[in-house]
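Data block below; observations after.
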Ligand SMILES: *Cc1c(COP(=O)(O)O)cnc(C)c1O
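Numbering (this note's numbering), first residue to last: 169 to 579.
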């Protein structure tokens, strides 16, 4: 029933130039982890760094560590490391807060740069937090801003002269469909609007070229493909042309030009630091900082190449083993990120049955099974075995129990 033989899989693993990277991660025995698009696996170095941060820097260094361990500069030093992964120039990325909060900040900046326009354009099916924040900000501004949602296929045609900001997620979290960032940004600029990209499912998954695409603003997650750990801080990008005079509405003291002058009035820090708000979460930042070393010496094009090969093996094997699952992610690599999604009316229960067997992916409403392909720590044998497990769960109806149909708080 499978298309690829075990010996061919063994050959692929033996010849894998990225095979060594798996050793950089802690992966539990008996688990095939296909959810790195939701919470990246733990880089071993991150655990050691957290221990050092807690025991040495906090425990012994105490408050001195803001200077001696450079805690105060982490938002920028970690931002520089992420900049290299997303095609951003030095000084254009800062790490702070969550993706949700960063979106609020940069969307507010973008709207302020187009004061005579009132439309935030996005697509139906974009990640809810992005849409909630956009409509919340529109209400807060009280100037009649509108969040305009159009079906995915109609976005390009909807970039009209009343649009202030085109706010899109490069890779859709449900389907894995990937947008043409450069092309859409060009159309956005032609219409006199600004582009804001959510890179939640892009950063660390494949080469992103923010500068090449001439994107205006971007945000993204630290805990997905960047492996920064649960609730890791997020990043924000602002194109160099908007850095001078950058001002955002969450005017916290650490985004001040001179926080330790304790001046009575707010004055934004020059450049990207104006996106900082309050005291950074140092333990989380340190974990993310160290987690990024998992990318050392690895070219994102190579990562993407392996992701595509893993994807092909996985999807063709699932297709053979479980034809009742409907693939919904485009097979053309140019049109997708690195996840593979399938549709089935019993998707939730099927995923629970898989997780019980150690194959961890996730479920997304209303009927989607989602599997993340993360080539830093996945082998060909992993995706091959996962596809076999899916075939077994479907053939035996192992999912068809009340236990697997009961939804947990976090799905
Ligand atoms: C995961 C994800 C988020 C998460 O935002 P948080 O603030 O980290 O909770 C936001 N947007 C998209 C598109 C996502 O996929």
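Cβ atoms here follow ideal geometry from the backbone N, Cα and C, with glycine treated the same way.
These figures come from a predicted structure and were not determined experimentally.
Buried versus exposed, by CB contacts within 10 Å (16 or more), residue i
| i | result |
| --- | --- |
| residue 433 | exposed |
| residue 252 | exposed |
| residue 381 | buried |
| residue 169 | Model confidence at residue 169 stands at a pLDDT of 46, short of 50, so the residue's coordinates are unreliable; what they give is reported in the following sentence. With fewer than 16 other Cβ atoms within 10 Å, it is exposed. |
| residue 414 | buried |
| residue 222 | exposed |
| residue 322 | exposed |
| residue 343 | buried |
| residue 540 | buried |
| residue 454 | buried |
| residue 467 | exposed |
| residue 575 | exposed |
| residue 179 | exposed |
| residue 485 | buried |
| residue 211 | buried |
| residue 565 | exposed |
| residue 270 | buried |
| residue 224 | exposed |
| residue 267 | buried |
| residue 397 | buried |
Cβ separation of residue i and residue j, assumed to be a contact under 8 Å, to the nearest whole Å
| i | j | result |
| --- | --- | --- |
| residue 492 | residue 567 | With 8 Å as the limit, residue 492 and residue 567 do not qualify as a contact, their Cβ atoms being about 11 Å apart. |
| residue 339 | residue 369 | 4 Å |
| residue 517 | residue 572 | 4 Å |
| residue 336 | residue 302 | Wrong, their Cβ atoms sit about 11 Å apart, outside the cutoff. |
| residue 441 | residue 262 | 7 Å |
| residue 332 | residue 353 | The Cβ separation is near 15 Å, so there is no contact. |
| residue 237 | residue 229 | 6 Å |
| residue 482 | residue 437 | That belief does not hold up - the Cβ atoms of residue 482 and residue 437 are roughly 45 Å apart, past 8 Å. |
Where the alpha helix (DSSP H) through residue i begins and ends
| i | result |
| --- | --- |
| residue 218 | 212 to 220 |
| residue 390 | Per DSSP, residue 390 belongs to no alpha helix (DSSP H) and is neither H nor E. |
| residue 516 | 515 to 524 |
| residue 430 | Element bounds for residue 430: n/a, residue is neither H nor E. |
| residue 179 | 174 to 182 |
| residue 291 | Where residue 291 is concerned, there is no enclosing alpha helix (DSSP H), although the beta strand (DSSP E) it sits in stretches over 287 to 291. |
| residue 364 | Unbroken run through residue 364 is the beta strand (DSSP E), 362 to 366; no alpha helix (DSSP H). |
Element boundaries [beta strand (DSSP E), containing residue i]
| i | result |
| --- | --- |
| residue 378 | No beta strand (DSSP E) contains residue 378, which is instead part of the alpha helix (DSSP H) from 378 to 381. |
| residue 540 | 536 to 540 |
| residue 263 | 261 to 264 |
Please output, in chain order, the residues near ligand 1 using a CB cut-off of less than 6 Å to any non-hydrogen atom of the ligand. 266, 267, 268, 295, 297, 298, 337, 341, 366, 368, 369, 389 and 402
Determine, using beta-carbon pairs with one atom in the segment 414 to 426 and one in the segment 438 to 447, whether at least three such pairs fall under 8 Å. yes
Spell out a yes or no on whether the segment 371 to 386 and the segment 461 to 475 are touching, meaning 3 or more CB-CB pairs, one atom from each, closer than 8 Å. yes
Is the number of C-beta pairs between the segment 291 to 311 and the segment 245 to 262 that are closer than 8 Å three or more? no
Sufficient close CB pairs (3 or more, under 8 Å) joining the segment 543 to 561 to the segment 186 to 201: yes
Report yes or no: do three or more beta-carbon pairs, one from the segment 506 to 513 and one from the segment 526 to 543, lie closer than 8 Å? yes
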